[in-house]
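Report on the following structure.
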Amino acid sequence: MPVAVLSRSSGRRASREAVEKPRQEITHPALLALHASIPPHFQQAQQSLANHRKNIVSLHRIHQKVASIIEPASDGRVRPIGEKVFNQVFFGCLDRVLPIKKGVPNADRVCKFVAGYVIYAQEQFRLQARADKAEARKAAGEAEEDDDEDEDEEDTTATRFTMLLLKHLLKGFGSKNKNVRLRCCGCIALLINGLEAVDEDFFQKFKKFLLDRAKDKESAVRVQAVIALTKLQSTEDDDDEDSEQIRQSLIETLRFDPSAEVRRAALFNLTPNDENSSLLLERLRDIDPINRRCVYLGSLAMMLKAQSNALQGADSAQAGPSRLGLDIDAAGEVIRIGMGEREPSVKRAAQKLVTSWFDACGSDLVVFLNQFDVVASKHIETALLTIFESRPAIVAQVSFDADEFWANLSPSTAFLARVFVDYFKRTKNDRRLEECLPMVTALAFRIEKEYAELVELIEQYKAKANSALAPEDELEIALFVIRNKTFVVSQLLGIALASDYGDEIGRRKMFGLVRDMISDVQLPEDLVPTCLDVLLKLSSGQKDFMRVIVETVQVLGAEDEDETPGFDDGEADDTMSVEGTPLARKAPRKSIKNKDSAPPAPNALALEHRRLTIVRAMLERVVGALQENTAFHGLIPQLIAPAVRSKDGTVRELGLTCLTLCCLLDRKLALDSFPLFIDQVQRAEGTIKLRAVQAVFDLLINHTIPYLCSRNPAGEEMAKRQIISYLLSLLEDDEPVVQSAACEGMAKLMLTGMVEDDEALKSLVLIYMSPETMENQELRQCLSYFLPVYCGSSSWNQRRLQRVFISVLQVLTEVYEEKDEDQEMVTPTQVGLQLLDWTDPDKIMMGPGRTRDETVHVDVAIELIKAMYTIDEKDRRKVMCQLLGKVLLPEELEDAKVQEVLILLTGLKELNPVEDTVSKNAIGRFESSFVKAYAAQVEAGLDGLDLDSTKAFDGMKAFFDAIRIDPQDVISAYAKSSAKSSKSSRKSTPKGTCPARSSAAAGSKKSRKRHDDSEEEEEDDEEQDDDEDEDDDE
431 MPVAVLSRSS
441 GRRASREAVE
451 KPRQEITHPA
461 LLALHASIPP
471 HFQQAQQSLA
481 NHRKNIVSLH
491 RIHQKVASII
501 EPASDGRVRP
511 IGEKVFNQVF
521 FGCLDRVLPI
531 KKGVPNADRV
541 CKFVAGYVIY
551 AQEQFRLQAR
561 ADKAEARKAA
571 GEAEEDDDED
581 EDEEDTTATR
591 FTMLLLKHLL
601 KGFGSKNKNV
611 RLRCCGCIAL
621 LINGLEAVDE
631 DFFQKFKKFL
641 LDRAKDKESA
651 VRVQAVIALT
661 KLQSTEDDDD
671 EDSEQIRQSL
681 IETLRFDPSA
691 EVRRAALFNL
701 TPNDENSSLL
711 LERLRDIDPI
721 NRRCVYLGSL
731 AMMLKAQSNA
741 LQGADSAQAG
751 PSRLGLDIDA
761 AGEVIRIGMG
771 EREPSVKRAA
781 QKLVTSWFDA
791 CGSDLVVFLN
801 QFDVVASKHI
811 ETALLTIFES
821 RPAIVAQVSF
831 DADEFWANLS
841 PSTAFLARVF
851 VDYFKRTKND
861 RRLEECLPMV
871 TALAFRIEKE
881 YAELVELIEQ
891 YKAKANSALA
901 PEDELEIALF
911 VIRNKTFVVS
921 QLLGIALASD
931 YGDEIGRRKM
941 FGLVRDMISD
951 VQLPEDLVPT
961 CLDVLLKLSS
971 GQKDFMRVIV
981 ETVQVLGAED
991 EDETPGFDDG
1001 EADDTMSVEG
1011 TPLARKAPRK
1021 SIKNKDSAPP
1031 APNALALEHR
1041 RLTIVRAMLE
1051 RVVGALQENT
1061 AFHGLIPQLI
1071 APAVRSKDGT
1081 VRELGLTCLT
1091 LCCLLDRKLA
1101 LDSFPLFIDQ
1111 VQRAEGTIKL
1121 RAVQAVFDLL
1131 INHTIPYLCS
1141 RNPAGEEMAK
1151 RQIISYLLSL
1161 LEDDEPVVQS
1171 AACEGMAKLM
1181 LTGMVEDDEA
1191 LKSLVLIYMS
1201 PETMENQELR
1211 QCLSYFLPVY
1221 CGSSSWNQRR
1231 LQRVFISVLQ
1241 VLTEVYEEKD
1251 EDQEMVTPTQ
1261 VGLQLLDWTD
1271 PDKIMMGPGR
1281 TRDETVHVDV
1291 AIELIKAMYT
1301 IDEKDRRKVM
1311 CQLLGKVLLP
1321 EELEDAKVQE
1331 VLILLTGLKE
1341 LNPVEDTVSK
1351 NAIGRFESSF
1361 VKAYAAQVEA
1371 GLDGLDLDST
1381 KAFDGMKAFF
1391 DAIRIDPQDV
1401 ISAYAKSSAK
1411 SSKSSRKSTP
1421 KGTCPARSSA
1431 AAGSKKSRKR
1441 HDDSEEEEED
1451 DEEQDDDEDE
1461 DDDE
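As numbered in our numbering, residues 431 to 1464 make up the sequence shown, in order.
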């Protein structure tokens, strides 16, 4: 729709908003003609961008012509009356556009036309001024001067026009009309690019206005303010105070603005460089997927391009993190976040960035991997697979046949070889897999060589560490070399895991090598799991695997019996033993040292730790009951039980982990040991307590609560209630990690149906919304997934939440009212809306044989109405009344439910009516919607209703008994009010028409309807409520 500009076609609106004319009478014909000549340019400019150039040139001719019209002033000076009239008419045409809302193309084109004219006028008037000066010098016989010397000092018609236009637009920054503020900021953002030098005072005023608009309540205004502020930054002086202030404002907007569009504007206009790289990485976690995608395809791609341009003259074989424009840590973070992205479009953007990084490295895989810390990053493999898929030719060209490649392995090359082997095996490319894999015997010798070098490096490091003269830098370098060599060995073991062991000689060689490595106390702990994976593959079966590991662990224990750590038997008997468990039945282990002797030797503790690490890794890889593996029976009393009683925290933690794994494999052992884990939860602290809590929940999920409570059949039910009650108490533990573990465990128990307790669900909802857990993000993340999934999985679960709805709302309302000022918490209204969302029948996951309970929200409404009988606080009643307007009314509802709602609403009006306007309007809208939805049942009324005729009214009768009200009195009150309203309706309804309520209900019952309050009604209610609060204050 065209924007009305001063012209004949603008109609009555144009006549009402006529352009203001100069106060003094204008007699010059050219000035009188401006009111007819300028508006058509705006009229045409709003139609298309194609005619802007023509209209700009034409408008400039008019401007140039009238600029020469002057008149003498009373003080003897000259007044540029022509410029004044032109400016007034021009600004009047522009003012027509300012109130136009966002998104109207005609208004956008006019703003671009104004910006284009300002740029053109400044250039043309400046050229004219220079020509006039040159002609004047020539006439005076003076030498020509350099035009650039006074370029910034020229005062022309255009500079005066531009300054007046800017001041005019700045007036709109404080307008109450959001459209005016938006258009003024938008025009300013377009004009800044063409601005010449301005004086310092105006610049500071200009900057202040824009900084204020950057915090405008309207997001569209903030977007334009951010764009304008960006263009004000100085590119010449990075230390400029004004530029730094603007930069800080942009950073604050980028990090904290609630609008994704505003953050995007700041992101696009923040220079991507090393100084801002941390801010860009932070935006990779933005909640808006478009913003995340823009970081990959925009900011990071620009940094890569800038770095590539800077390195064009460098050697193409040069490697280093600078090739990507990011340091090693930042590049690894981008890979970690990008490859783990869940949004498909954002992940594609991250993959495209990875491919461009690979191209910037000369399509060399090794050079590409050198840009990252392949040892620490776990997502580089995904990045490599992305390259394989986008560049299939690379996969066909790579070869590992050269002996030089295997003789000089680095972390990058070893990692590359292992990823290729896994890729070919996963894609079942047997031909390429056979070409890449070395012979098993050769691979075994290669691993043996690399491991020997690793052991030597470890021994050298120990020798240096024991020397007091060893520089700290050398020790750090030695650790770095050991780390890289360990990684190389792990990658070779990964290749061994994918190898084919049809060659018996190679299999035996590899088996013996890996067994010897596990038996070596020098083996780094990181290599233990991989070694066991290879050994499991080489073993003839699970029993053979466990036999080899048990023998190895026993050999390690026999090597240093004299340094075996002692244990305090007294402590074990008092705190750790459980009657009937293997830990208690066995004879106490004799203490090697007396109580007065020194603590266990460090070597003995390290050896004990290594043995437990091996056992843990073994237990994580086996399945089936432990009774089938007789070789393992001796390790429980010889190694695991003493470790559980150890005074060393690390050993004790490992012992608990091993015992947990054993219990998961053996039901009888789990039943006997379960009290021990409960005891550890009560007595232990720190990580040991955390492991015990995790063990308790793992055993309950794996073996079920009834089985673990079956030691005493007579008190099994009592034991189950006590266990659940105790587990819920862990949700209030002082340690956040224990809270999170307990929360995750309870969520699993409830999702599996092992716990079906209303109090358990109530506790989880309360802990989720409590301000005390605001900083516990692990707990919040767990419950933010669990609660909607649990409630949406079945109507039974929604019913469970419906039963605790009111109690949860009341408790959280009290918490909200009593919370400290520095605590953050959602409002009671938001709590109620979230609970309604979780109980929404439409969100039930339907499947074969599943039914949906349509009346959950109706029962929520009944509970809300009952609660208002005994609540007098205005704010609490208002929240409940507003929640009534959000419930979902089903298409059909049984008569008893309709009658119960009518009785309760009538009783509320009679006994404890709502008085404030907002609550009264909200509950009135609910009642009206309810009556319309079930008009036929409401028409039937409550005549002859017998509350004892059905059990459906038992709950209502119990409620009225509790508050000592006779329900028959309420029914009588309803009959009177119904008759009264019917009589008044007959008086007010003309003949030949039916009551509005009945006619509206006829169409509303055919479909389910959510009777959300309209925004206008709610806004009016809030305004009335604010007025009431002000009156109360007065």
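Each residue gets a CB set at the ideal place from its N, CA and C atoms; glycine is no exception.
Quick caveat: nothing in here was measured; it's all calculated off a predicted structure.
Given Ser-793 as reference, the closest of Arg-772, Ile-765 and Gln-827 once Cα atoms are compared: Your numbering for residue 793 matches position 363 in the sequence shown. Ser-793 has its Cα closest to that of Gln-827, out of Arg-772, Ile-765 and Gln-827.
Give me the DSSP bridge partner(s) of Glu-501. Along the sequence shown, one-based indexing puts residue 501 at 71. Its beta-bridge partners are Arg-509.
Can you check which of these residues, Ile-530, Gly-546, Cys-1139 and Ser-498, is closest to His-471 by C-alpha distance? By one-based count along the sequence shown, residue 471 stands at place 41. Minimum Cα distance to His-471 is reached at Gly-546.
As a quick exercise: from Val-944, Val-870, Asn-1059 and Val-958, pick the residue whose alpha carbon is nearest that of Gly-971. The residue labelled residue 971 in the question sits at position 541 within the sequence shown. Residue Asn-1059 is the option with its Cα nearest to Gly-971.
Arg-1051 and Leu-922 closer than 8 Å at C-beta: The residue given as residue 1051 occupies position 621 in the sequence shown. The residue given as residue 922 occupies position 492 in the sequence shown. Not in contact: Arg-1051 and Leu-922 (Cβ atoms no closer than 8 Å).
With burial defined as no fewer than 16 other Cβ atoms inside 10 Å of the residue's Cβ, what is the status of Met-940: buried or exposed? The residue labelled residue 940 in the question sits at position 510 within the sequence shown. Met-940 comes out buried.
What do you get for Asp-1096, buried or exposed, if any count of 16 or more other CB atoms within 10 angstroms of its CB means buried? On the sequence shown, position 666 is the one that residue 1096 refers to. Flag for Asp-1096 reads buried.
Does the separation of the CB atoms of Ile-1333 and Ile-1393 fall below 8 Å? Reading the sequence shown from its first residue, position 903 is the one you call residue 1333. Reading the sequence shown from its first residue, position 963 is the one you call residue 1393. Their beta carbons are not under 8 Å apart, which means Ile-1333 does not touch Ile-1393 by this criterion.
Hey, out of Val-1309, Leu-1157, Glu-865 and Tyr-1364, whose CA is closest to Asn-1351's CA? Stepping through the sequence shown from its first residue, residue 1351 is reached at position 921. Of the candidates Val-1309, Leu-1157, Glu-865 and Tyr-1364, the one whose C-alpha sits nearest the C-alpha of Asn-1351 is Val-1309.
Should Leu-1213 and Leu-1239 be called a contact, given that it needs their Cβ atoms to be closer than 8 Å? The count along the sequence shown starts at 1 and reaches residue 1213 at position 783. The count along the sequence shown starts at 1 and reaches residue 1239 at position 809. Contact flag unset, no.
What is the DSSP secondary structure of Leu-1319, reduced to helix, strand or coil? Position 889 of the sequence shown, counting from 1, holds the residue named residue 1319. DSSP places Leu-1319 in the strand class (E or B) of the three-state scheme.
Three Cβ pairs or more, each shorter than 8 Å: is that satisfied between the stretch 947–954 and the stretch 979–986? Because the criterion of three Cβ pairs below 8 Å is met, the stretch 947–954 and the stretch 979–986 touch.
6 Å Cβ shell around Ile-767 - same chain, five flanking residues per side excluded: Residue mapping note: residue 767 aligns to position 337 of the sequence shown, counting from 1. Taken in chain order, the residues that qualify are Leu-714.
Would you mind reading off the limits of the alpha helix (DSSP H) that contains Asp-833? By 1-based counting over the sequence shown, the position of residue 833 is 403. 833–837 is the span of the alpha helix (DSSP H), which, as asked, contains Asp-833.
Check whether Leu-524 and Val-610 have beta carbons under 8 Å apart: Residue mapping note: residue 524 aligns to position 94 of the sequence shown, counting from 1. Residue mapping note: residue 610 aligns to position 180 of the sequence shown, counting from 1. No. Outside cutoff.
Decide if the stretch 1274–1290 is in contact with the stretch 1240–1258; the criterion is three or more beta carbon pairs, one per stretch, under 8 Å apart. As far as the Cβ criterion goes, the stretch 1274–1290 does not touch the stretch 1240–1258, which means the pair count is below three.
Segments of 4+ residues assigned as alpha helix (DSSP H) that fall wholly inside the stretch 656–720: With a minimum length of 4 residues, the unbroken runs of alpha helix (DSSP H) contained wholly in the stretch 656–720 fall at 671–686, 690–699 and 707–712.
Measure the C-alpha to C-alpha separation of Asp-1391 and Gly-1374 and round it to an integer number of angstroms. Numbered from its first residue, the sequence shown carries residue 1391 at position 961. Numbered from its first residue, the sequence shown carries residue 1374 at position 944. Taking the straight line from one Cα to the other gives about 21 Å.
Do His-809 and Ile-758 have their C-beta atoms closer together than 8 Å? Position 379 of the sequence shown, counted from the first residue, corresponds to residue 809. Position 328 of the sequence shown, counted from the first residue, corresponds to residue 758. No, the Cβ-Cβ distance between His-809 and Ile-758 is not below 8 Å.
Got a sec? Which residues, its chain only, sit under 7 Å from Val-796 by beta carbon, not counting five neighbours each side? Residue 796 sits at position 366 when you count from the first residue of the sequence shown. Ser-842, Thr-843 and Leu-846, listed in sequence order.
Under 8 Å between C-beta atoms of Ile-1236 and Ala-1190: The count along the sequence shown starts at 1 and reaches residue 1236 at position 806. The count along the sequence shown starts at 1 and reaches residue 1190 at position 760. The answer is no: Cβ separation not under 8 Å.
Between Glu-1244, Asp-1188, Leu-1194 and Asp-1164, which lies nearest to Gly-1175 when the distance is taken from Cα to Cα? In the sequence shown, the residue the question calls residue 1175 occupies position 745. With distances taken between Cα atoms, Gly-1175 lies closest to Leu-1194.
Residues near Gln-1110 by beta carbon distance below 6 Å, same chain, minus five either side: Stepping through the sequence shown from its first residue, residue 1110 is reached at position 680. Excluding positions up to five away in sequence, the list reads Ala-1122.
For Leu-754, count the other beta carbons within 10 Å of its own beta carbon; 16 or more makes it buried, fewer makes it exposed. Which is it? Here the question's residue 754 lines up with position 324 in the sequence shown. Under this definition Leu-754 is a buried residue.
Element boundaries [alpha helix (DSSP H), containing Arg-1486]: Here the chain has residues from 431 to 1464 only, and residue 1486 is not among them.
Using a 10 Å radius around the Cβ and a threshold of 16 neighbouring Cβ atoms, would you call Arg-1046 buried or exposed? Along the sequence shown, read from residue 1 onward, the residue named residue 1046 stands at position 616. Label assigned to Arg-1046: buried.
Contacting residues, own chain, Cβ-Cβ under 7 Å from Ser-679 (five flanking each side not counted): Along the sequence shown, read from residue 1 onward, the residue named residue 679 stands at position 249. The residues are Leu-641, Ala-644 and Leu-659.
If we call anything under 8 Å between Cβ atoms a contact, is Cys-866 one with Val-851? Residue mapping note: residue 866 aligns to position 436 of the sequence shown, counting from 1. Residue mapping note: residue 851 aligns to position 421 of the sequence shown, counting from 1. Cβ atoms of Cys-866 and Val-851: closer than 8 Å.
Kindly indicate which residue of Phe-639, Arg-560, Gly-616 and Glu-501 has the alpha-carbon position closest to the one of Val-540. One-based indexing of the sequence shown puts residue 540 at position 110. It is Gly-616.
Run through DSSP, which three-state label would Phe-591 get? For the purposes of this step, residue 591 is identified with residue 161 of the sequence shown, where counting begins at 1. DSSP places Phe-591 in helix when its eight states are reduced to three.
Taking the alpha carbon of Gln-494 as the point to measure from, which residue in Ala-559, Lys-542, Ala-537 and Gln-476 has its own alpha carbon closest? Taking the first residue of the sequence shown as position 1, residue 494 is located at position 64. Per the Cα distances, Ala-559.
Let me confirm a value: Ile-404 is counted as buried when at least 16 other C-beta atoms fall within 10 Å, else exposed. Which label applies? A question about residue 404 goes unanswered here, because the residues of the chain that appear run from 431 up to 1464.
Ignore the nearest five residues each way along the sequence and tell me which others in Phe-788's own chain have a CB closer than 6 Å to its CB. Mapped onto the sequence shown, residue 788 falls at position 358. Cβ neighbours of Phe-788 beyond the five flanking positions: Phe-798 and Ile-817.
Is DSSP giving Asp-530 helix, strand or coil here? For the purposes of this step, residue 530 is taken as the residue at position 100 of the sequence shown. The amino acid occupying residue 530 in the given sequence is Ile; Asp does not appear at that position. In the structure shown, Ile-530 adopts coil according to DSSP, grouped into three states.
Check this for me: beta carbons of Ser-1144 and Leu-1160, under 8 Å apart or not? For the purposes of this step, residue 1144 is taken as residue 714 along the sequence shown, with counting starting at 1. For the purposes of this step, residue 1160 is taken as residue 730 along the sequence shown, with counting starting at 1. The displayed chain sequence assigns Ala, not Ser, to residue 1144. For Ala-1144 and Leu-1160, no; Cβs fall outside 8 Å.
Could you check the C-alpha separation between Thr-589 and Tyr-726 for me, to the nearest Å? Translated into the one-based positions of the sequence shown, residue 589 becomes position 159. Translated into the one-based positions of the sequence shown, residue 726 becomes position 296. Approximately 41 Å, taken between the alpha carbons.
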